[in-house]
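All remarks here apply to the structure that follows.
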Amino acid sequence: MQLSTDGIVLKEGELRENDKVLTILTQDYGLITAFANGARRLNSRLAAGASFLCYSDMRLFFNKGKYVLDDAFPKNIFYGIREDIESLSLASYLSELAQALAPVGDAAGDFLRLTLNTLHMLEKKKRPLAFLKAVFELRMISMAGYMPDLLGCMHCGAFDENSMYFSIAQAGLVCQNCYKEQNAPQMLALSSGVLGAMRYILYSQMEKLFSFAISAESLKKLSFICEKYVQFTLDRTFKTLDFYNSLFSN
69 MQLSTDGIVL KEGELRENDK VLTILTQDYG LITAFANGAR RLNSRLAAGA SFLCYSDMRL
129 FFNKGKYVLD DAFPKNIFYG IREDIESLSL ASYLSELAQA LAPVGDAAGD FLRLTLNTLH
189 MLEKKKRPLA FLKAVFELRM ISMAGYMPDL LGCMHCGAFD ENSMYFSIAQ AGLVCQNCYK
249 EQNAPQMLAL SSGVLGAMRY ILYSQMEKLF SFAISAESLK KLSFICEKYV QFTLDRTFKT
309 LDFYNSLFSN
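For the record, in the sequence shown the residue sitting at position 113 is 181 according to the working numbering, with numbers rising by one throughout.
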């Protein structure tokens with residue numbers, strides 16, 4: 069059966085002498101594994117479309133549960149991301165996180181759109197790396213069904229307290245008064261700026277997702293909280309994230 073869909077290559081691996089095996093995030097079928105026969109040959113028509121981060125109009129052949137990439141017409145190869153190690157390392161982490169969270173076998177238009185928009189912002193250097201990382205982490209994990217409740221305190225419903233805490237374990241807010249009454253591990257203090265940014269990331273329209281301002285100090289805290297929430301919720305670490313963080317450890 070012949071299929072047509074837009075998709076971006078999130079991972080590529082070698083297979084036999086000239087072939088590749090790809091992990092692709094597609095608009096219509098979510099995450100798929102596809103074989104690209106002959107894609108490692110320099111003169112292959114699939115050479116560009118079967119490469120990491122290449123976004124293409126794809127032609128696929130599906131038979132007996134297996135996808136084969138017949139053709140790919142690149143729309144964006146995100147070449148600029150490859151120009152510095154920090155951008156490429158972040159893109160690698162975002163790709164690994166998308167593989168962990170995007171649906172398999174179902175339409176994934178919003179997941180693809182978020183990935184493409186973030187990569188575009190990264191390539192054009194429109195926002196700091198930490199900003200893009202935090203936005204992608206919190207929005208992606210929320211779209212995957214792990215949206216934290218940031219409307220008000222989980223215990224009393226307080227919405228606009230001066231001091232709020234985020235419970236990573238319970239994925240919700242605790243106000244200062246209730247915090248004093250709780251035995252509260254895995255709780256992180258939130259400034260109004262960080263809480264406002266988290267609410268914006270969760271509840272804003274996709275086309276306005278990156279259109280908010282945040283101070284450098286609050287961004288550092290936001291990035292830390294989003295990262296820890298992803299790791300706790302998924303109960304795993306990411307090698308690509310470890311490498312990304314190692315670039316900024318000094």
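For glycine and all other residues, C-beta sits at the position ideal for the given N, C-alpha and C.
Residue i: which of the options sits nearest, CA to CA?
{"i": "S124", "options": "S112, I145 and R113", "result": "I145"}
{"i": "L121", "options": "N185, D228 and L258", "result": "N185"}
{"i": "M211", "options": "K143, S291 and T183", "result": "T183"}
{"i": "D87", "options": "E80, G98 and N105", "result": "N105"}
{"i": "I282", "options": "S259, A175 and E295", "result": "S259"}
{"i": "V298", "options": "T91, A239 and T101", "result": "A239"}
{"i": "M208", "options": "E80, P142, M266 and V89", "result": "M266"}
{"i": "G133", "options": "F300, M69, I236 and L315", "result": "M69"}
{"i": "F311", "options": "G81, Q167, L290 and I153", "result": "I153"}
Whole angstroms is fine: what's the gap from residue i's alpha carbon to residue j's?
{"i": "A159", "j": "L93", "result": "14 Å"}
{"i": "L83", "j": "S286", "result": "45 Å"}
{"i": "L114", "j": "N131", "result": "20 Å"}
{"i": "L187", "j": "D74", "result": "16 Å"}
{"i": "V262", "j": "V203", "result": "12 Å"}
{"i": "F278", "j": "K296", "result": "21 Å"}
{"i": "D96", "j": "G173", "result": "8 Å"}
{"i": "S155", "j": "D178", "result": "22 Å"}
{"i": "L256", "j": "E205", "result": "17 Å"}
{"i": "F306", "j": "K276", "result": "28 Å"}
{"i": "Y147", "j": "D217", "result": "37 Å"}
Run the CB neighbour count on residue i, radius 10 Å, all protein chains shown included, and call it buried at 16 or more, exposed below.
{"i": "P196", "result": "exposed"}
{"i": "M274", "result": "exposed"}
{"i": "F199", "result": "buried"}
Looking at the secondary structure, which residues open and close the beta strand (DSSP E) in which residue i lies?
{"i": "E164", "result": "Here E164 belongs to no beta strand (DSSP E); instead the alpha helix (DSSP H) covers I153 to L169."}
{"i": "V136", "result": "K134 to N144"}
{"i": "L93", "result": "D87 to T94"}
{"i": "V150", "result": "Note that residue 150 is Arg in the sequence shown here, rather than Val. Per DSSP, R150 belongs to no beta strand (DSSP E) and is neither H nor E."}
{"i": "D174", "result": "Counting along the chain, D174 falls outside any beta strand (DSSP E), and DSSP gives it neither H nor E."}
Within the continuous alpha helix (DSSP H) that includes residue i, where are the two ends?
{"i": "Q299", "result": "A284 to L302"}
{"i": "T320", "result": "Residue coverage of the chain in this structure runs from 69 to 318, which leaves residue 320 outside it and unanswerable."}
Would you say residue i reaches chain C, if we count a Cβ-Cβ gap shorter than 9 Å as a contact?
{"i": "L90", "result": "Here chain C cannot be found, since the structure has a single protein chain."}
Quiz prompt | Cβ contact check for the region 157-177 and the region 222-230: 3 or more pairs under 8 Å | solution = no
Quiz item: Between the region 126-142 and the region 100-117, are three or more C-beta pairs nearer than 8 Å?
Solution: yes
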